[in-house]
Structures are given as C-alpha cells and as structure tokens.
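Enquirer:
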Amino acid sequence: MAYRWSASLKERDVTDEHLFINRRNLLSGLSGVGLSVLMAEPAFSKTLEPNAWEDITEYNNYYEFGTGKEDPAKFAKRLTTKPWSVKIDGLVDRPGFYAFEDILSKMQIEERIYRFRCVEAWSMVVPWNGFELADLLDLAGVQSNARFVAFETLYRPSEMRGQNTRVLDWPYVEGLRMDEAMHPLTMMATGIYGRDIPNQNGAPLRLVVPWKYGFKSIKSIVKITLMERQPPTSWNKANAREYGFYSNVNPEVDHPRWSQASERKLGGGLFAKREPTMKFNGYENEVSMLYKGMNLRKHF
Amino acid sequence: MNGLGSIGFGHMLQGFNSALRCIPVWLVYLVGTVPAFLYFWLGISNQLGPNPISDLEHLLGTLALQLLIAGLCITPLRQFANLNLIKFRRAIGLLAFFYVFLHLLVWLVLDVGQTSQIIKDIIKRPYITIGMLSFLGMVPLVITSNNISVRRLGSKWRVLHRITYAVCLLGGLHFVMLRKGFQLEPLIYLSLVVVLIILRVNWKRVRQGLSGNTA
Numbered sequence: 007m008a009y010r011w012s013a014s015l016k017e018r019d020v021t022d023e024h025l026f027i028n029r030r031n032l033l034s035g036l037s038g039v040g041l042s043v044l045m046a047e048p049a050f051s052k053t054l055e056p057n058a059w060e061d062i063t064e065y066n067n068y069y070e071f072g073t074g075k076e077d078p079a080k081f082a083k084r085l086t087t088k089p090w091s092v093k094i095d096g097l098v099d100r101p102g103f104y105a106f107e108d109i110l111s112k113m114q115i116e117e118r119i120y121r122f123r124c125v126e127a128w129s130m131v132v133p134w135n136g137f138e139l140a141d142l143l144d145l146a147g148v149q150s151n152a153r154f155v156a157f158e159t160l161y162r163p164s165e166m167r168g169q170n171t172r173v174l175d176w177p178y179v180e181g182l183r184m185d186e187a188m189h190p191l192t193m194m195a196t197g198i199y200g201r202d203i204p205n206q207n208g209a210p211l212r213l214v215v216p217w218k219y220g221f222k223s224i225k226s227i228v229k230i231t232l233m234e235r236q237p238p239t240s241w242n243k244a245n246a247r248e249y250g251f252y253s254n255v256n257p258e259v260d261h262p263r264w265s266q267a268s269e270r271k272l273g274g275g276l277f278a279k280r281e282p283t284m285k286f287n288g289y290e291n292e293v294s295m296l297y298k299g300m301n302l303r304k305h306f
Numbered sequence: 650m651n652g653l654g655s656i657g658f659g660h661m662l663q664g665f666n667s668a669l670r671c672i673p674v675w676l677v678y679l680v681g682t683v684p685a686f687l688y689f690w691l692g693i694s695n696q697l698g699p700n701p702i703s704d705l706e707h708l709l710g711t712l713a714l715q716l717l718i719a720g721l722c723i724t725p726l727r728q729f730a731n732l733n734l735i736k737f738r739r740a741i742g743l744l745a746f747f748y749v750f751l752h753l754l755v756w757l758v759l760d761v762g763q764t765s766q767i768i769k770d771i772i773k774r775p776y777i778t779i780g781m782l783s784f785l786g787m788v789p790l791v792i793t794s795n796n797i798s799v800r801r802l803g804s805k806w807r808v809l810h811r812i813t814y815a816v817c818l819l820g821g822l823h824f825v826m827l828r829k830g831f832q833l834e835p836l837i838y839l840s841l842v843v844v845l846i847i848l849r850v851n852w853k854r855v856r857q858g859l860s861g862n863t864a
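The listed protein sequences derive, respectively, from chains A and B. Residue 7 is where the first sequence starts when you use this note's numbering, and the numbers rise one by one after that. Residue 650 is where the second sequence starts when you use this note's numbering, and the numbers rise one by one after that.
1) Taking beta-carbon pairs under 9 Å, can you tell me which members of the stretch 59-81 of chain A lie near chain B?
2) I'd like to know whether the C-beta of A/V228 is nearer than 7 Å to at least one C-beta of chain B.
3) From A/A49 to B/I772, what distance separates their C-alpha atoms?
4) May I ask you to list, following chain order, the residues of the stretch 677-700 of chain B that have a beta carbon less than 7 Å from some beta carbon of chain A?
5) Decide yes or no for the touch test of the stretch 729-738 of chain B against the stretch 236-250 of chain A: beta carbon pairs closer than 8 Å, at least 3 of them.
6) Might you give, ordered along the chain, the residues of its own chain that have their beta carbon closer than 7 Å to the beta carbon of B/Y776, omitting 5 neighbours on each side?
7) Given a cut-off of 7 Å, decide if B/S783 and B/L754 are closer than it, judged by their beta-carbon atoms.
8) Counting along the chain, where does the alpha helix (DSSP H) carrying A/V131 start and finish?
9) Does DSSP put A/L41 in a helix, a strand or coil?
10) Report back the beta-carbon spacing between A/M233 and A/A140 to the nearest angstrom; my notes put them in contact at under 8 Å.
11) Could you check if A/D185 is buried or exposed, using at least 16 other CB atoms within 10 Å of its CB as the buried criterion?
12) Whether or not the stretch 665-684 of chain B and the stretch 271-289 of chain A are in contact is what I'm after, with contact meaning three or more pairs of Cβ atoms, one per stretch, closer than 8 Å; do they touch?
13) Thinking C-alpha only, which one of A/R270, A/S12, A/D260 is nearest A/R303?
14) Check each residue of the stretch 773-796 of chain B: if its Cβ is closer than 9 Å to any Cβ of chain A, include it; give the result in chain order.
15) Between the beta-carbon of A/L191 and the beta-carbon of A/I119, is there less than 7 Å?
16) Alpha carbon to alpha carbon, how far is A/E138 from A/E281?
17) For chain A, find out if any of its Cβ atoms is closer than 7 Å to the Cβ of B/G830; answer yes or no.
18) Please go through the same chain and pick out, in chain order, the residues whose beta-carbon is closer than 8 Å to the beta-carbon of A/L2, but skip the five residues on each side of it.
19) Closer than 7 Å by beta-carbon distance: list the chain B residues that pair up with A/G275, in chain order.
20) Where do the ends of the beta strand (DSSP E) carrying A/I94 lie?
21) Bridge partners of A/M193, per DSSP?
22) Can we say the stretch 701-714 of chain B touches the stretch 746-765 of chain B, given the rule of at least three CB pairs closer than 8 Å?
23) Just reading off the beta strand (DSSP E) that A/K271 is part of, what are its end residues?
24) So does the stretch 86-102 of chain A actually touch the stretch 118-135 of chain A, counting three or more Cβ pairs closer than 8 Å?
25) Any beta carbon from chain B within less than 7 Å of A/W176's own beta carbon?
Rendered as structure tokens:
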C-alpha cells in the first residue's frame with residue numbers, strides 16, 4: 007500500500023527556490039483543473055523545506071548513545087546493524103524473525119517529507135525514505151483481536167554506551183494503538199535524503215509517527231509485538247506526569263515544565279524566532295478522527 | 650621519603666601562592682570575559698550547531714555554575730590545601746553573575762522573546778522560578794561586592810553573603826530540573842555544590858571539636 011499519502015511538496019521541488027516558486031504559481035494557476043488535490047491541505051502548501059543533512063544527523067536525541075545532542079553522531083558509529091532482524095510476535099499469523107534484507111525486498115521504498123517535532127520544543131523537516139508500518143504488519147498478518155503494537159529498541163550496552171547508565175529503563179520501548187499503527191502516515195524509515203539512515207538516526211529501521219512527539223518514533227527496532235493491552239512506553243515509565251502514552255503534538259497541552267505552544271525550527275541561526283506549534287504537528291486533517299471524542303488533556 | 654615529599658610539596662605550594670600573588674586581579678576579569686565574546690561569536694558565525702540559542706543558553710549557564718562552584722572552592726582550598734586564592738574570589742563571584750545575567754538575557758531576548766510568555770514561564774515553570782530566584786539572590790551580593798560595602802556592613806557583610814550558598818543550590822537545582830529524566834551532568838554539578846557547602850558548614854565545627862578534645 008505504498009503511496010497512500012503524499013505531501014504537496016517533494017524534496018526535488020524545494021531544493022531550488024526559484025523552481026519552487028514557479029511551481030507554486032503554476033499550481034495556483036491550474037488549481038481548477040485537477041491539480042488542486044495537491045494543494046488541498048493548507049499546512050502543506052506552506053514551504054516545507056527539509057533541514058540540512060547536518061542538522062538531521064548531528065543533532066539527535068538517542069539516549070542509548072548519551073544524553074548530549076552530539077553524542078549519537080559521535081558514538082553511534084560503533085553500532086553493528088548487519089545482520090539485523092526484527093522479531094514480530096504476539097497476535098500475528100506468521101510470528102518469527104524477519105531479516106532486514108527480506109523486509110526491504112518486499113517493501114516499496116518511497117520518500118516522505120515530514121515535520122518532526124521534539125517534545126523539547128524544537129523541530130525540523132526530514133525527507134525520510136521508507137515504507138508504511140501497515141505494510142510490514144501485513145507481512146506478519148495481524149490478528150483481529152490485536153489492539154496495540156509494542157516496539158522495542160536493540161539492547162546492546164557493548165555498542166550503545168548510554169545503556170550503561172540508568173537514565174532510562176533499557177531497552178527503550180514504545181507503543182501505538184492499532185489504528186495509529188495502520189494509519190498511512192505512520193512509516194518505518196530506512197533512509198534520509200535517499201541515503202541509508204545513519205546509525206544516530208535509528209539504523210537500520212525506525213518508526214516515524216509525524217503527528218506525535220519525536221520520542222514516540224522509536225529507533226533501531228528489533229521487536230514488534232501485537233497485543234491486546236496497551237504496552238508500557240519508556241518515557242511514560244520514567245515520568246508518567248510528563249509523558250503520556252499518546253504524546254500527540256498539541257500546542258494546547260503544555261509539558262509540565264515548558265510550553266508546547268511554540269517551537270524553534272532547527273537551522274535558523276542565532277536570531278531565529280519561535281514559530282507556533284500546530285495541533286497534531288500540522289497533520290490534524292489526517293489524524294484528528296483517530297481521537298474523536300477523546301479528552302486530549304487527559305490522554306496527553 | 651614522605652617527609653621529603655611533603656616538604657617539597659610545601660615549598661611548591663609556597664612558590665605557587667607567591668606566584669598567584671603576582672597575578673593582578675584585572676587579568677582574571679579580562680580572561681573571564683573572553684568566553685562570553687567567544688560564545689557569541691560562535692553563535693553569530695553559525696558554529697554552534699543547528700540549535701544555537703539553546704546551546705548558547707547552556708554554555709553561559711554551565712559556565713556560570715562552574716564559576717559559582719569555583720567561588721565555593723576558595724575557602725576549602727585554603728583550609729585543606731593551604732592554597733590561597735582569596736584575592737580572586739570577588740572577581741570569580743562577579744564573573745559568575747555576569748554569566749548568569751547573560752544566560753538570562755539570551756533566554757529573555759533570543760529564546761522566548763515575548764514579555765507575556767516570559768512572565769507566564771517565570772510563574773508557571775518551577776525550574777525557571779528557581780533560576781530567577783537564584784539570579785535575584787545574586788543581586789544584593791553584587792551590589793555589596795566592593796570595599797566600601799565591606800567596610801560599612803562589617804560583620805553583616807559575611808551574613809549577607811551566605812546567600813551565596815542558596816544561590817548555588819538553586820542554580821544546581823535549576824540545571825537538574827530542566828533536563829529530561831535524571832541526567833548525570835547536572836547531578837554532578839548539584840552534588841559538587843552540596844559537598845562544598847557541607848564542607849563549609851562542618852569544617853569549623855569539626856576543628857573546634859578536635860581542638861576542644863586535645864585541650
């Protein structure tokens with residue numbers, strides 16, 4: 007089910023600003039003749055310019071390699087990602103170890119330019135390459151009673167120095183509700199800017215859920231478990247008052263220690279202003295129906 | 650061997666102390682302000698990475714904490730190691746305030762930027778409230794960091810300047826609280842502050858107790 011979603015802009019459209027502006031003009035000129043679908047979402051019609059490779063790969067939160075933003079870029083090189091397999095178990099028809107190469111051979115890789123909003127109130131735009139999580143789950147065959155998906159990061163202290171400290175309860179775990187996991191926006195990323203995803207960004211495959219705070223997008227996944235009950239999640243275990251299971255980007259619900267109403271886009275220099283944060287990180291039209299009737303203040 | 654070693658060390662220390670006496674205080678002020686220019690220059694010339702405002706805040710804040718801790722070290726160093734740095738304590742304290750002030754300024758102007766949000770943050774966010782308290786605690790200390798005030802206030806000056814301990818504790822706490830989870834780096838700073846304060850408080854009593862016993 008590749009290409010179920012597309013933003014109005016692709017990387018090639020924004021690399022050249024003049025071309026980009028021309029294309030915008032062209033689109034607005036032709037908006038009545040069928041191309042309007044490309045501009046249907048106002049959030050996407052704004053410039054969504056991907057951050058520089060350096061911003062994306064040298065400023066990371068990946069506590070398995072240290073708590074400093076530069077630590078992952080410095081220390082993740084040691085991580086062995088070949089061979090790699092993902093154990094898919096729980097409520098699936100075909101449980102077992104899925105070799106990374108086998109997964110790749112069955113998946114259609116596409117590019118998705120997503121906003122990425124960290125819970126620490128900074129953000130960037132990342133041109134991911136990958137496939138929909140739904141496609142991977144279909145490989146294993148999800149059983150009808152599965153209601154949640156649990157994910158687990160590799161635990162290998164010999165190569166992940168941060169795991170020798172107890173800043174979090176290792177291994178890192180995350181989870182999604184079934185409908186969130188099957189949503190076309192939810193993807194497994196294997197690349198950035200058309201290159202293999204660097205270790206510090208979660209090689210060889212990581213989750214990307216663009217409407218949730220970055221920590222939900224768990225890296226270097228070794229295990230996926232389909233289950234009936236809501237799985238525990240690492241930051242929620244560490245501090246339940248500050249980090250909820252859902253952790254949807256929401257400018258109206260502040261983190262207890264800082265405001266979530268605005269964010270700073272990385273790469274803007276010393277005098278960049280904060281920008282207002284969008285509900286569901288700008289993907290409200292796509293995902294708000296998943297949370298219809300839910301009190302998002304309670305289920306933060 | 651031990652005796653020789655200690656004599657040698659004593660000599661070295663004496664030499665070190667007299668060498669320190671030769672260093673003019675203005676040089677400490679001069680060298681102490683260099684990082685401020687360096688950090689801002691790194692920020693302006695885009696060498697602080699993708700999130701320069703946050704990095705600048707962090708650099709200025711940690712340097713301020715380091716200077717506060719350095720200030721706390723002066724007396725224990727004299728008591729335990731016979732190393733006399735008292736001449737530089739005022740400069741270290743004032744430099745610490747200078748960096749706290751710059752740290753605050755970067756947060757006010759570059760980071761938040763909106764007055765309404767600044768006030769909300771100070772009231773609503775405990776780690777910011779604590780940071781502000783630490784800053785405010787430094788103000789009377791800075792105002793009285795001159796010879797005239799020392800003379801005028803007499804013994805009250807010492808009492809007033811005990812606020813330093815609160816300032817350092819609040820500063821250390823501010824750092825621990827602003828990080829996600831309990832991280833090692835800020836905890837090291839806070840424990841250094843705590844240890845140095847305990848050292849200050851207990852040492853005199855211990856010495857008094859010991860001298861009482863031997864007499």
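C-beta atoms are modelled at their ideal positions from N, C-alpha and C, and glycine is treated no differently.
Expert: With the structure as the only source:
1) Going along the stretch 59-81 of chain A in chain order, one finds E60, D61, I62, E64, Y65, N67, Y69, T73, G74, K75, E76 with a Cβ nearer than 9 Å to chain B.
2) Contacts with chain B at 7 Å (Cβ-Cβ) do not include A/V228.
3) Low local confidence applies: a pLDDT of 43 at A/A49 is under 50, so the model's placement there is unreliable, with the coordinate-based value given in what follows. In this structure, the alpha-carbon of A/A49 lies about 33 Å from that of B/I772.
4) Within the stretch 677-700 of chain B, the residues whose Cβ lies closer than 7 Å to some Cβ of chain A are G692, I693, N695, G698, P699, N700, listed in chain order.
5) The stretch 729-738 of chain B makes no contact with the stretch 236-250 of chain A; the number of CB pairs closer than 8 Å stays below 3.
6) Same-chain partners within the cutoff: H823, M826, L827.
7) Their beta carbons are not under 7 Å apart, which means B/L754 does not touch B/S783 by this criterion.
8) Looking at the DSSP string, A/V131 is not in any alpha helix (DSSP H); the run it does join, the beta strand (DSSP E), is 128-138.
9) Its pLDDT being 39, under 50, A/L41 is placed unreliably in this model, and the value from its coordinates should be taken loosely. In the structure shown, A/L41 sits in a helix (DSSP, three-state: H, G or I).
10) In this structure A/M233 is not in contact with A/A140, their Cβ atoms being roughly 17 Å apart against a cut-off of 8 Å.
11) Result: exposed.
12) Of all C-beta pairs linking the stretch 271-289 of chain A to the stretch 665-684 of chain B, fewer than three are shorter than 8 Å, placing the two stretches out of contact.
13) Closest by C-alpha distance to A/R303, out of A/R270, A/S12, A/D260, is A/D260.
14) For the stretch 773-796 of chain B, the set of positions with a beta-carbon nearer than 9 Å to some beta-carbon of chain A reads K773, R774, P775, Y776, I777 in chain order.
15) No. Outside cutoff.
16) Per the coordinates, the alpha-carbon of A/E138 lies some 29 Å from the alpha-carbon of A/E281.
17) Proximity of B/G830 to chain A, defined by a Cβ-Cβ separation below 7 Å, is satisfied.
18) Since the displayed chain A opens at 7 and closes at 306, residue 2 of chain A lies outside it and no answer follows.
19) Residues of chain B passing the Cβ test: N695, P701.
20) Annotation for A/I94: the continuous beta strand (DSSP E) segment containing it runs 91-96.
21) Beta-bridge pairing links A/M193 to A/E138, A/V214.
22) The stretch 701-714 of chain B makes contact with the stretch 746-765 of chain B, as at least three CB pairs between them are under 8 Å.
23) That run of the beta strand (DSSP E) goes 268-271.
24) Pairwise C-beta distances place the stretch 86-102 of chain A out of contact with the stretch 118-135 of chain A, as fewer than three of them are shorter than 8 Å.
25) Not a single CB atom of chain B sits nearer than 7 Å to the CB of A/W176.
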